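Below is one structure; the comments refer to it alone.
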Amino acid sequence: MTSHSVFIIDDDPAMRDALTLMLRGAGFRARAFASADDFLNDLPTEASACVVTDVRMPGVEGPELVRRLKSLRGDSWRVIVITGHADVPLAVQLMKAGVADFIEKPFDPQQILNSVGHCIASLSGLEAERAAREEMQARVASLTNRERQVFDALIDGCSNKEIALRLEISPRTVEIFRAKVMTKMQAPNLSTLVRIGMRLGDA
Numbered sequence: 001m002t003s004h005s006v007f008i009i010d011d012d013p014a015m016r017d018a019l020t021l022m023l024r025g026a027g028f029r030a031r032a033f034a035s036a037d038d039f040l041n042d043l044p045t046e047a048s049a050c051v052v053t054d055v056r057m058p059g060v061e062g063p064e065l066v067r068r069l070k071s072l073r074g075d076s077w078r079v080i081v082i083t084g085h086a087d088v089p090l091a092v093q094l095m096k097a098g099v100a101d102f103i104e105k106p107f108d109p110q111q112i113l114n115s116v117g118h119c120i121a122s123l124s125g126l127e128a129e130r131a132a133r134e135e136m137q138a139r140v141a142s143l144t145n146r147e148r149q150v151f152d153a154l155i156d157g158c159s160n161k162e163i164a165l166r167l168e169i170s171p172r173t174v175e176i177f178r179a180k181v182m183t184k185m186q187a188p189n190l191s192t193l194v195r196i197g198m199r200l201g202d203a
């Protein structure tokens, strides 16, 4: 069973039960809600998850739900909307707003399974990237003040001589600190170190 939860929101009990049984049968950890209001009032605490929701429901409808989830969870949750034919233009707008997918009624159950599977896979990739970034941040935090100065200068593209002038130390001392930085950052070469710096800069 996947470690990510799938939350189903639909005011139609038959549809809600069918989706829940289907997703659980496929190995997903599924939980259902009768309305977006119920879901938001009992908002799950998972760091990442997939939401499958009807776009038209009493109370809070799909568009407002998407807006609130984006505000509360950012990109760490994926939303799939189920629409009737007349709601396709709205679904397209929602996708532009960040919805992962929309599925038109009537739909093939495999469409739901495929869409949820893709969302879960993307979340796993996102979590792997987040874990890698946190590991890099921990390595940077382990640097001494002087090592951090050398690291920053290397990322800026400075040569050993330029770093020596900037920090008012000898080129030989720069080489010593540079070797320590490479070891602590687990960078086998300068290009790897620069890529690490760029990834942290984009975080």
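The letter at position 195 of the sequence shown is residue 195 when you use full-length UniProt numbering, and the numbering goes up by one with no holes. Built from N, CA and C at the ideal position, the CB exists for glycine as well. Keep in mind the model is a prediction, meaning the values are calculated, not measured.
**OP:** Please go through the same chain and pick out, in chain order, the residues whose beta-carbon is closer than 7 Å to the beta-carbon of K119, but skip the five residues on each side of it.
**Re:** For the sequence presented, residue 119 should be read as Cys rather than Lys. Scanning its chain for C-beta atoms nearer than 7 Å, with the 5 sequence neighbours on each side dropped, one finds around C119 the residues C50, R78, I80 and A100, in chain order.
Original post:
Could one say the Cβ of A26 lies closer than 8 Å to chain B's Cβ atoms, at least one of them?
Top reply: Absence of chain B from the displayed structure is noted, only one protein chain being present.
Subject >> residue 252 (DSSP reduced to helix, strand or coil) >> reply: In the structure as shown, the chain starts at 1 and stops at 203, and residue 252 therefore has no counterpart that could be examined.
Original post:
Quick one: what does DSSP say F39 is sitting in, helix, strand or coil?
Top reply: Three-state result, F39: helix.
Original post:
Is A36 near I8, with beta carbons less than 8 Å apart?
Top reply: Against a cut-off of 8 Å, the Cβ pair of I8 and A36 comes out as no contact.
**OP:** To the nearest angstrom, report how far apart L123 and A164 are at their CA atoms.
**Re:** Inter-residue distance for L123 and A164 is about 44 Å (C-alpha atoms, whole angstroms).
**OP:** Flag this pair as touching only if the region 99-117 and the region 170-178 have three or more C-beta atom pairs under 8 Å; answer yes or no.
**Re:** Not touching, per the Cβ criterion.
Original post:
Are the Cβ atoms of residue 207 and V55 separated by less than 8 Å?
Top reply: Outside the modelled stretch of the chain, which goes from 1 to 203, sits residue 207, for which no answer is possible.
Original post:
D54 bridges to which residues according to DSSP?
Top reply: In the DSSP assignment, D54 is bridged to I82.
**OP:** Just mark G62 as buried or exposed, buried being the case when its beta carbon has 16 or more other beta carbons within 10 Å.
**Re:** That one is buried.
**OP:** Output the boundary residues of the alpha helix (DSSP H) element that contains S71.
**Re:** Taken as a continuous stretch (DSSP letters only), the alpha helix (DSSP H) holding S71 covers G62 to R73.
Original post:
Short check: CB of V116 to CB of V6, under 8 Å?
Top reply: Cβ atoms of V116 and V6: closer than 8 Å.
Original post:
Going along the chain, which residues of its own chain have a beta-carbon closer than 7 Å to the beta-carbon of R139, five neighbours each way excluded?
Top reply: Result list for R139: K184, M185 and Q186, in chain order.
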